[in-house]
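In the numbering used here, the protein residues as written are 4 to 108. Even for Gly, the Cβ is constructed at its ideal location relative to N, Cα and C. All values reported here derive from a predicted model rather than from experimental measurement.
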């Protein structure tokens, strides 16, 4: 298996939370559900986002697949990307160290 990272960024007009509607909230919920499905399939290694609320904010999704084409297909299928509220950029990636004791709060 190969590892890939895709970096997500909100489109500029959605950086301001005042511009969000129920539509964007629904898409982000679908995005989260899709990531949970990838986790259950043992495709998702980790996902998260920076906690700043300005234009420098971004998210990362690290996955393992057989090919870059498969990784690109997963990225493009991500509801936030597919629906155009986030842009995404794919990178080959290698997990070098992993802390098995890490817990998510």
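- Annotated as proximal: residue 6 and residue 98, with beta-carbon spacing under 7 Å.
- Residue 53 places its beta carbon 7 Å or farther from that of residue 66.
- Residue 95 and residue 85 have their C-alpha atoms spaced approximately 21 Å apart.
- Relative to the Cα of residue 101, the nearest Cα in the group 49, 59, 92 and 75 belongs to 49.
- When C-alpha distances from residue 62 are compared across 79, 91 and 42, the shortest belongs to 91.
- With 16 or more other CB atoms across the displayed protein chains lying within 10 angstroms of its CB, residue 81 is buried.
- If you check the CB distance, residue 88 and residue 17 come in under 7 Å.
- A direct Cα-to-Cα measurement between residue 21 and residue 8 gives close to 29 Å.
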